[in-house]
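Residue numbers (the working numbering), protein chains in the order written: chain A, -9 to 205; chain B, -9 to 205; chain C, -9 to 205. Structure first, then comments.
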Amino acid sequence: MKNTFFSRLAPKESKFYPLLDQLSETLVKAADTLVSSLPKSTPEEREETYRKIKDLEHEGDKLSQKILDELSSTFITPFDREDIHDLASSLDDVIDGINSCAERISLYNPRPISNSGRTIGDLIRQGANCLNRAVHELDRFRDKPKTLRECCVELHDIETQADIVYALFIKQLFEEEKDAIEIVKIKDIMETLEETTDAVDHVGKLLANLIVKYA
Amino acid sequence: MKNTFFSRLAPKESKFYPLLDQLSETLVKAADTLVSSLPKSTPEEREETYRKIKDLEHEGDKLSQKILDELSSTFITPFDREDIHDLASSLDDVIDGINSCAERISLYNPRPISNSGRTIGDLIRQGANCLNRAVHELDRFRDKPKTLRECCVELHDIETQADIVYALFIKQLFEEEKDAIEIVKIKDIMETLEETTDAVDHVGKLLANLIVKYA
Amino acid sequence: MKNTFFSRLAPKESKFYPLLDQLSETLVKAADTLVSSLPKSTPEEREETYRKIKDLEHEGDKLSQKILDELSSTFITPFDREDIHDLASSLDDVIDGINSCAERISLYNPRPISNSGRTIGDLIRQGANCLNRAVHELDRFRDKPKTLRECCVELHDIETQADIVYALFIKQLFEEEKDAIEIVKIKDIMETLEETTDAVDHVGKLLANLIVKYA
């Protein structure tokens, strides 16, 4: 983009929606990869998953950097600069969370991931799909905020459910598991899964704030 | 609140003080509940504490969300929008910290909490009371910043003291404790207690910045 | 500084550069102290290192607080207020990271730090030196952004390298180490070292944003 006087003044609204769309699609791919990997338990399969997700994480980094660069060099944006910045960063944080899960599973190579872990994985994927839909609503929610509002409720429910699954599992883990090293591995992985649903909910809160502010 | 042109222009200062007051009172309740629970050591009592504190944490979430919503729909605020936002979020972070402490104690169910753990609990309660007093000063500190300034010093002292108690305890834990699982539990709980005093000090730093900016 | 009407209006650019310089020099000192301490393995030497680095961390805190205070009471700054704030905070975060490494080594007193740990230490020092050079470029990069741009690339490379060293080490640790308590200690210390290179890279990203925005 040439930073001529005119190009800087021209509205750039259209740039942000496709970039945010791409970012949320990268998130969906990362979540899908994570979910389909959780039943796999050989070190090779786990390393392979981590490699794939790390590539998606780099893609996400590039996309959010592109959004930040656009924000820095654009005068007019559809929302406050800060709001788009926060939205892109928080979507990227969910991808980072998924990457951290895959990294830990690959590096620690624990016993097969529990049903509770897989349930939280499913919730992360549900959250990713929901965020993808929410991002698609951004260019029209001012007039019809209903769909976006429903997404925010769903995102919060996801976090609440993950929290319950996590708590039950960790309580049982400390009651029953006697292998300290396995506890270290599983506790860390389950925390990272659960924190990723917190990151999902955090985007939901930013979206809810957009509704209050602009709808 | 109807968003008529006039209501949006009318000063809304008065809304923020009572909401911040309520938030800091919720914090005091959470801290009191934590402190009175630390001597208890049955799983049932610990679960009961966690339930109570989680309710207070939800209350805190709702109050800070209410503050954010007010900020998004109000033109005139007593401070910069960003400053009230940060203050509410950081008070909420202290409540979240207390909630994390109670959650870990309930889920891990470690041996009875050490004297060091109880001391840090007391420091968190002292911090909560101090923050409550500080929030009460917000509508008058521009003329008389002395009380607020003293609060900031006290909040920082609390963090420093907690840090010392934490360091001595952890050093001794790794020298003496031989049960790896117990170490995992206690290390995590003590870290969370200590981090909660960091969160207390963080609010203190925001308040100190308000003095520089507005007093 | 007297807050007379005129002093508040007068350009204060000159104040920020020397303060940021001092902050980045404090960072270099902390990194040097950490690197030279990693081969040492008696509890006394490790405590001594932690004391020295904690002093530097306090120095860093004071400097970044000074920068924040200046920002709050100054009208005209060379960059947006927010950008200087973020830059100072993120430099301070690197010092905090180094402090956390030294604290953990002193409190946990693990076996001698591995070659991988020392390599990440070297990368942190390289990052600190690079950040120091970058901060020196701040008053001239608008015309010649090349040097600053090279710094950002180097800072990102540092993080990538640390990530590889970390991953290989942790994988091997869980394959070979059978002492659960030692795993708890070393895992936590290596994570903290690796996170410190993330903090280094984070400053690099802020600097890259400055180039897009101002050069």
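Ideal Cβ positions, reconstructed from N, Cα and C, are used throughout, including at glycine.
- In the three-state DSSP reduction, Pro8/A falls in the helix class (H, G or I).
- Per DSSP, Pro68/B is not a residue of any alpha helix (DSSP H), being assigned neither H nor E.
- Against chain C, a Cβ distance below 7 Å from Asn99/A picks out Phe164.
- Rounded to the nearest whole angstrom, the C-alpha separation of Asp112/B and Ala21/B is 8 Å.
- Taken in chain order, the members of the region 57 to 74 of chain B whose beta-carbon sits within less than 8 Å of a beta-carbon on chain A are Leu58, Asp59, Ser62 and Ser63.
- In this structure, Asn99/C lies away from Arg41/C, with their beta-carbon atoms at least 9 Å apart.
- Close to Lys203/C, with beta-carbon spacing below 7 Å, are these residues of chain A in chain order: Ser62.
- Proximity of chain C to Ala170/A at the Cβ level (cut-off 9 Å) is accounted for by Ala170, Ile171, Ile173 and Val174, in chain order.
- Membership of Pro102/C in any alpha helix (DSSP H) is not indicated, and neither H nor E is assigned to it by DSSP.
- At a cut-off of 9 Å between beta carbons, Asn105/C makes no contact with chain A.
- Linking Lys30/A to Ile173/C through their CA atoms gives a straight-line distance of about 25 Å.
- Taking a beta-carbon distance threshold of 9 Å, Lys44/C does not count as an interface residue toward chain A.
- Boundaries of the alpha helix (DSSP H) around Ser62/B: Pro33 to Ser63.
- Using a C-beta cut-off of 8 Å, the region 183 to 200 of chain C makes no contact with the region 127 to 136 of chain A, since fewer than three inter-stretch Cβ pairs fall below that distance.
- Residue state for Phe159/A is assigned as helix, using DSSP reduced to three classes.
- For Ser96/C, the nearest CB of chain B lies under 9 Å from its own CB, placing it at the interface with that chain.
- Listed along chain B are Leu97, each with a C-beta nearer than 7 Å to that of Lys161/A.
- Residues are counted here when their Cβ sits less than 7 Å from a Cβ of chain B; for the region 109 to 137 of chain A the count is zero.
- Within the region 82 to 94 of chain B, not one residue has a Cβ closer than 8 Å to any Cβ of chain C.
- Contact between the region 115 to 128 of chain A and the region 155 to 174 of chain A is absent: fewer than three C-beta pairs spanning the two stretches fall below 8 Å.
- Counting only residues of its own chain and dropping the five nearest sequence neighbours on each side, Arg108/A has a CB closer than 6 Å to the CB of Leu28.
- Bounds of the alpha helix (DSSP H) holding Asp188/A are Ala170 to Tyr204.
- Taking a beta-carbon distance threshold of 9 Å, Ala152/B does not count as an interface residue toward chain C.
- In this structure, Leu81/A lies near Gly50/A, with their beta-carbon atoms less than 9 Å apart.
- Closest option to Met180/B, judged by alpha-carbon separation, among Val143/B, Ser106/B and Asp70/B: Ser106/B.
- Ranked by Cα distance from Ile154/C, the options Glu185/C, Thr23/C, Leu61/C and Asp45/C are led by Glu185/C.
- Residues of chain B whose Cβ lies closer than 7 Å to the Cβ of Ala157/A are, in chain order, Leu97.
- A Cβ-Cβ distance of about 6 Å is found for the pair Ser54/B and Leu13/B, placing them in contact under the 8 Å criterion.
- Taking each of Glu38/C, Asp73/C, Val190/C and Val84/C in turn and checking the Cα distance to Glu144/C, the smallest one comes out for Val190/C.
- Shown here for Asp76/B: same chain residues with a beta carbon closer than 7 Å to its own, the five before and five after excluded, namely Leu196 in chain order.
- Distance between Ser90/C and Asp83/C, taken at the CA atoms: about 10 Å.
- With respect to the C-alpha of Leu17/C, the residue from Tyr7/C, Ile88/C and Pro135/C having the closest C-alpha is Ile88/C.
- Between Ala198/C and chain A, the shortest Cβ-Cβ separation is below 9 Å.
- Counting C-beta atoms within 10 angstroms of its own C-beta, Thr187/B has 16 or more neighbours from the protein chains shown and is therefore classed as buried.
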